[in-house]
Amino acid sequence: MAYEHILVETRGNVGLITLNRPKALNALCAGLIEDLGNALDEMEANDEIGAIVLTGSEKAFAAGADIKEMKDKEYIDVYMENFITKGWEHVTTCRKPVVAAVAGYALGGGCEMAMMCDFILAADTAKFGQPEITIGTIAGAGGTQRLPRYVGKSKAMEMNLTGRIMEADEAERSGLVSRIIPADDLIDEAITTAQKIANMSRPVAMAAKEAVNRAFETTLKEGILFERRTFHATFALEDRKEGMEAFAAKRQPQFKNR
Ligand code: CAA
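Numbering (our numbering), first residue to last: -15 to 242.
Structural data, given as structure tokens:
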């Protein structure tokens, strides 16, 4: 499929999606969101791909929803079209793991999009924030909900109330990102990390993702039960048998995704 606002490539068993509106710092316009959804669908359907990396440019992962596209909308428009809904949460419905590789600005919808991925690898240049309040609105794609789950109430509240930008060091300290990587190495390291995931048994990686995500959707008791039953379910897989037999035989496992 041809895309206008993103670049799409495959590196081994990893799909790489690069947001590509450089003149607008990858502002998330409707066309970009549509492109992204289509690319994610293609990668989900492609058996060669086991994990996905979502990235932007050196200067910006994404500087938010497209302010110029939305500035003239009225309440009735955004309510009736359910603005920031169609396509926006697409990444959260992917069953294959999705890694966000963030360099430069991840602001507003950009920060929210990164948080929708399964984890965030940050370049040392990464800057995160929910500056919507500075333009007279509030976060609309999860910034008041996912950010507190990542960094706790105090920091999330301060960021949403002041629009303060958080640099990479603080983002790592507070748990928003899993690791900081020198900017020049970000894509290679993200691909290597995603390849590591893609080389695992695919159904097991998908199950692990589902189980971790359950931690944010339910009580601890229900989450533990979900994990336990999913763990039991892996015993129905050839790959679980292969993994344990390979360990005992001191060899590398050959997973068949079955
Ligand atoms: N929407 C539309 N265009 C944007 C944009 C956005 N979110 N962010 C940047 N741009 C455009 C600028 O208008 C500019 O275009 P022109 O060259 O045509 O003037 C171009 O990208 C480069 O931007 P700057 O000149 O501003 O670059 P800078 O380096 O001086 O500043 C920045 C960078 C601090 C990120 C600044 O661009 C900025 O503050 N951007 C807006 C950030 C923001 O408020 N994001 C929240 C959006 S609302 C939202 O996301 C709602 C939601 O929750 C879903």
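Using N, Cα and C, we set each Cβ at its ideal position, and we do this for glycine too.
Is residue i a contact residue of ligand 1, with contact defined as CB to any heavy atom under 8 Å?
| i | result |
| --- | --- |
| LEU16 | no |
| LYS7 | yes |
| ASP56 | no |
| ALA145 | Reading off the sequence, residue 145 comes out as Leu, not Ala. Every heavy atom of ligand 1 is 8 Å or more from the Cβ of LEU145, so no. |
| THR118 | yes |
| TYR59 | no |
| TYR63 | no |
| GLY93 | yes |
| LYS52 | yes |
| LEU12 | yes |
| PRO132 | no |
| LYS70 | no |
| ALA192 | no |
| TYR89 | yes |
| GLU96 | yes |
Report the rounded CA-to-CA distance for residue i versus residue j, giving the unit in angstroms.
| i | j | result |
| --- | --- | --- |
| GLU32 | ILE60 | 44 Å |
| ASP19 | GLU201 | 28 Å |
| ILE68 | ALA174 | 27 Å |
| ALA140 | THR128 | 7 Å |
| ILE1 | GLY48 | 17 Å |
| ASP169 | ARG224 | 33 Å |
| PHE231 | PHE239 | 13 Å |
| GLY126 | LYS234 | 45 Å |
| MET184 | GLU58 | 48 Å |
| ALA123 | THR(-6) | 32 Å |
| GLN236 | GLY113 | 42 Å |
| LEU221 | ARG186 | 11 Å |
| GLY71 | GLY93 | 13 Å |
| THR203 | ARG133 | 14 Å |
| GLU65 | MET228 | 51 Å |
| CYS13 | GLU226 | 46 Å |
| GLU156 | ILE164 | 7 Å |
| LEU91 | ASP25 | 25 Å |
Can you list, in chain order, the residues of its chain with a C-beta nearer than 7 Å to that of residue i? Leave out the 5 residues immediately preceding and following it.
| i | result |
| --- | --- |
| ILE104 | ALA84, VAL86, ALA98, LEU160, VAL161, SER162 |
| ALA195 | PHE210, GLU211, THR214 |
| THR245 | In the structure as shown, the chain begins at -15 and stops at 242. Residue 245 is therefore absent and cannot be evaluated. |
Excluding the five sequence neighbours on either side, which residues of its own chain have a C-beta within less than 6 Å of the C-beta of residue i, listed in chain order?
| i | result |
| --- | --- |
| LEU131 | ALA140 |
| MET27 | GLY(-1), ILE33, ILE36 |
| ALA29 | none |
Please work out which residues of its chain come closer than 8 Å, Cβ to Cβ, to residue i, disregarding the five sequence neighbours upstream and downstream, and give them in chain order.
| i | result |
| --- | --- |
| ILE117 | ASN144, LEU145, THR146, GLY147 |
| CYS101 | LEU38, VAL75, VAL82, VAL83, ALA84 |
| ASN22 | MET(-15), TYR(-13) |
At a Cβ threshold of 9 Å, is residue i touching chain C?
| i | result |
| --- | --- |
| ARG148 | The chain inventory of the structure shown lacks chain C, comprising one protein chain alone. |
Let me check you understand the geometry: is the CB of residue i closer than 8 Å to at least one non-hydrogen atom of ligand 2?
| i | result |
| --- | --- |
| GLY124 | Among the ligands present in this structure, namely ligand 1, ligand 2 is not found. |
Report the start-end ranges of each beta strand (DSSP E) in the region 142 to 179 that is 3 residues or longer and not cut off at the edges.
Scanning the region 142 to 179 from its first residue to its last, the whole beta strand (DSSP E) runs of 3-plus residues come out as 163 to 165.
Please give me, in chain order, every unbroken run of the alpha helix (DSSP H) with length at least 4 that falls completely inside the region 85 to 118.
The DSSP assignment places complete alpha helix (DSSP H) segments of no fewer than 4 residues inside the region 85 to 118 at 93 to 100, in order along the chain.
Does the pairing of the region 177 to 195 with the region 34 to 41 give three or more beta-carbon distances under 8 Å?
Yes, they touch.
Cβ contact (3+ pairs, closer than 8 Å) linking the region 3 to 14 and the region 41 to 53:
Judged by Cβ distances under 8 Å, the region 3 to 14 makes contact with the region 41 to 53, as three or more pairs qualify.
Entirely enclosed alpha helix (DSSP H) segments - the region 38 to 62, minimum 4 residues
List check, alpha helix (DSSP H) in window: 51 to 54.
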